[in-house]
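For reference, the structure discussed in these notes is given below.
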Amino acid sequence: MNFKKKSPAAAGPGRQPSARPEDKRLSIGSTFAYGFQHVLTMYGGIIAPPLIIGAAAGMSATDIGLLIAACLFVGGLATILQTVGIPFFGSQLPLVQGVSFAGVSTMVAIVQGGGGIQAVFGSVIVASLIGLAITPLFSKIIKFF
Numbered sequence: 303m304n305f306k307k308k309s310p311a312a313a314g315p316g317r318q319p320s321a322r323p324e325d326k327r328l329s330i331g332s333t334f335a336y337g338f339q340h341v342l343t344m345y346g347g348i349i350a351p352p353l354i355i356g357a358a359a360g361m362s363a364t365d366i367g368l369l370i371a372a373c374l375f376v377g378g379l380a381t382i383l384q385t386v387g388i389p390f391f392g393s394q395l396p397l398v399q400g401v402s403f404a405g406v407s408t409m410v411a412i413v414q415g416g417g418g419i420q421a422v423f424g425s426v427i428v429a430s431l432i433g434l435a436i437t438p439l440f441s442k443i444i445k446f447f
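FYI, our numbering numbers position 21 of the sequence shown as 323, with every residue one higher than the one before it.
This is the structure in structure tokens:
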């Protein structure tokens, strides 16, 4: 079997290799339109969890606004850390970090169980520290999978 790629000259006389659509350069209008669409989608995903959790906790509109602002601020810091990267942190890829929906149901359960928003914040901090502590273990065993 021959796995070598054919050069464009080998495609035949008068035949151009087909360009992949993801490799094409978009016009400036399309670039802005797709970028705006991405920002709208990203923004909705970042502000929805604090809205849900704040409403479940019975927070005032001002406090929910502060919660949303904190999520946007920390998401921005995490995005910079992930994109720029420092030793042992960050993938150095252009990606956006934001709030996850994964823990929303657990956080709402904590709030409705009488724990309050302080218990939610404490739980998130402890869970984050545990995740950070066990990360080196997973980086060692991932080579077996």
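Using N, Cα and C, we set each Cβ at its ideal position, and we do this for glycine too.
{"Asked": "Give me the Cα-Cα distance between Val398 and Met344, rounded to the nearest whole angstrom.", "Found": "8 angstroms"}
{"Asked": "Per DSSP, which residues does Ile388 bridge with? Please list them.", "Found": "Phe391"}
{"Asked": "Just the Cα atoms here: how many angstroms apart are Ala321 and Ala411?", "Found": "51 angstroms"}
{"Asked": "Buried or exposed: which applies to Pro389, given that a residue is buried once 16 or more other Cβ atoms fall within 10 Å of its Cβ?", "Found": "exposed"}
{"Asked": "What is the DSSP secondary structure of Ser329, counted as helix, strand or coil?", "Found": "coil"}
{"Asked": "What is the DSSP secondary structure of Ser362, counted as helix, strand or coil?", "Found": "coil"}
{"Asked": "Could you check which residue in Ala350, Leu383, Glu324 has the C-alpha nearest to that of Gly282?", "Found": "The requested residue 282 is not part of the displayed model; the chain covers only 303 to 447."}
{"Asked": "What residues in its chain sit with their C-beta under 8 angstroms from that of Leu395, if we drop five residues either side in the sequence?", "Found": "Gln384, Thr385"}
{"Asked": "Give me the residue from Phe447, Gly377, Ala421 with the minimum Cα distance to Gly347.", "Found": "Gly377"}
{"Asked": "In terms of residue numbering, what span does the alpha helix (DSSP H) encompassing Phe423 cover?", "Found": "418-443"}
{"Asked": "Taking the continuous alpha helix (DSSP H) assigned at Val413, which residues delimit it?", "Found": "406-414"}
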